[in-house]
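The structure appears below as structure tokens.
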Amino acid sequence: MLKRLSDLSNRQVLGVLLLFTLLSSGYSLVINLTSEHANFAEWGESWLQNFSTEMFGALLTFVLLEIVIGNRQDKETLVRQLRSSSSEESKRAAEELWEHGWLSDGSLKKAYLRNANLQEVDLSDAFFQQADLAKAILIRAKIRNATLRDTDLREANLQEADLTLADLRGALLVSANLQGANLENAIFDESTTLPNGEKWTTTTDMSVFTSP
């Protein structure tokens, strides 16, 4: 039902509003003319007042729905583009997501970005909690201060990626390529699974993975 409504064009929506207005006006006129004290002039004045109020409310509702539905569709489109096999398309999508504030507001939580080509894409401050980035190409990507908690990064290529201050608590890094990656002040915990399949500990030397 909601899908059908969101697929209606602006012209169709306005047509429905106009039809509803005409039907309600016709019904009101019939009731007035069939009453004992029929007064067309009074009805017309009352109708114009009600019409202006109702149409203003209807148009305001339409505009607000258009904004909400339009933003949702734009966001979904950009997330699909973010998992593109083309890094250029992914870059453009990331830039637009950042401009709208959607890169860091939680819109990408649990996002499906498996196999995405995010090479050299700026994903700083991105909120990727519980996202699926398995097998994603993140070579030289800027992922500074990003939230990657409980994120699936299995077999992801993070060569020379900038993960400064990234939150990797609970992240799955099994078989991920971290060669040359910058992990300065990155946050790990005992639930983080490292590329070798072992859990991170306070004594883990991450240079084993970044400078093998």
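Per my numbering, the very first residue in the sequence shown carries number 1178; after that it's consecutive.
Yeah, the Cβ is synthetic: ideal placement off N, Cα and C, and Gly gets one too.
Close Cβ partners of residue i (< 7 Å) along its chain, the five nearest in sequence each way excluded
{"i": "Asn-1354", "result": "Asn-1334, Leu-1335, Gln-1336"}
{"i": "Lys-1287", "result": "Gln-1307, Ala-1308"}
{"i": "Lys-1252", "result": "Trp-1279, Ser-1284"}
{"i": "Asp-1299", "result": "Ala-1271, Lys-1319"}
{"i": "Ser-1352", "result": "Arg-1331, Glu-1332, Pro-1372"}
{"i": "Phe-1365", "result": "Leu-1345, Arg-1346, Trp-1377"}
{"i": "Pro-1389", "result": "Gln-1356"}
{"i": "Leu-1290", "result": "Leu-1259, Arg-1260, Ala-1308, Asp-1309, Leu-1310, Ala-1313"}
{"i": "Leu-1360", "result": "Leu-1340, Met-1383, Thr-1387"}
{"i": "Leu-1325", "result": "Phe-1305, Ala-1343, Asp-1344, Leu-1345, Ala-1348"}
Segment limits, alpha helix (DSSP H) that includes residue i
{"i": "Thr-1387", "result": "1384-1387"}
{"i": "Ser-1267", "result": "1264-1277"}
Beta-ladder partner(s) of residue i, from DSSP
{"i": "Leu-1335", "result": "Looking at the DSSP assignment, Leu-1335 forms no beta bridge with any residue, so it has no partner."}
{"i": "Ile-1316", "result": "DSSP output for Ile-1316 lists no bridge partner at all."}
{"i": "Phe-1304", "result": "Thr-1324"}
{"i": "Leu-1349", "result": "Asp-1329, Thr-1370"}
{"i": "Asn-1292", "result": "The partner list for Asn-1292 (beta bridge, DSSP) is empty, contrary to what the question assumes."}
{"i": "Asn-1354", "result": "Asn-1334"}
{"i": "Lys-1376", "result": "Thr-1370"}
{"i": "Asp-1282", "result": "Answer is none; Asp-1282 lacks a bridge partner."}
{"i": "Asp-1344", "result": "Thr-1324, Ile-1364"}
{"i": "Asp-1463", "result": "A question about residue 1463 goes unanswered here, because the residues of the chain that appear run from 1178 up to 1389."}
{"i": "Asp-1309", "result": "Tyr-1289, Asp-1329"}
Beta-carbon contacts of residue i that lie in its chain and below 8 Å, excluding the five residues immediately before and after
{"i": "Arg-1321", "result": "Ser-1301, Asp-1302, Asp-1339, Leu-1340, Thr-1341, Leu-1342, Ala-1343"}
{"i": "Ser-1264", "result": "Asn-1294, Leu-1295, Gln-1296, Glu-1297, Val-1298, Ile-1314"}
{"i": "Ser-1282", "result": "The residue you asked about is not Ser; residue 1282 is Asp in the sequence shown. Phe-1304."}
{"i": "Glu-1367", "result": "Lys-1376, Trp-1377, Thr-1378"}
{"i": "Glu-1266", "result": "Gln-1258"}
Cut-off 6 Å between Cβ atoms - residues of its own chain near residue i, not counting five sequence neighbours on either side
{"i": "Leu-1185", "result": "At Leu-1185, the pLDDT of 45 sits below 50, so the modelled position is not reliable; the number obtained from the coordinates is stated separately. Answer for Leu-1185: no residue qualifies."}
{"i": "Glu-1243", "result": "Because Glu-1243 carries a pLDDT of 48, less than 50, the predicted location of this residue cannot be relied on, and the following value inherits that uncertainty. Hits under 6 Å: none found."}
{"i": "Thr-1380", "result": "none"}
{"i": "Gly-1374", "result": "Val-1351"}
{"i": "Leu-1274", "result": "Leu-1255, Leu-1280"}
{"i": "Gly-1357", "result": "Gln-1336, Glu-1337"}
{"i": "Ile-1316", "result": "Gln-1296, Asn-1334, Gln-1336"}
{"i": "Lys-1268", "result": "Val-1298"}
{"i": "Asn-1292", "result": "Lys-1312"}
Proximity test, residue i beta-carbon vs the ligand COA heavy atom, cut-off 7 Å
{"i": "Leu-1350", "result": "The model on display carries no ligand, and the ligand COA is accordingly not part of it."}
Buried or exposed by the 16-neighbour rule on C-beta atoms within 10 Å, applied to residue i
{"i": "Thr-1369", "result": "buried"}
{"i": "Arg-1257", "result": "exposed"}
{"i": "Phe-1386", "result": "buried"}
{"i": "Asp-1329", "result": "buried"}
{"i": "Gly-1262", "result": "Going by the sequence as given, residue 1262 is Ser instead of Gly. Looking at its Cβ environment, which holds fewer than 16 other Cβ atoms inside 10 Å, Ser-1262 is exposed."}
{"i": "Ser-1384", "result": "exposed"}
{"i": "Val-1245", "result": "With a pLDDT of 44 at Val-1245, under the threshold of 50, the modelled position of that residue is not reliable, and the figure given next carries that caveat. Looking at its Cβ environment, which holds fewer than 16 other Cβ atoms inside 10 Å, Val-1245 is exposed."}
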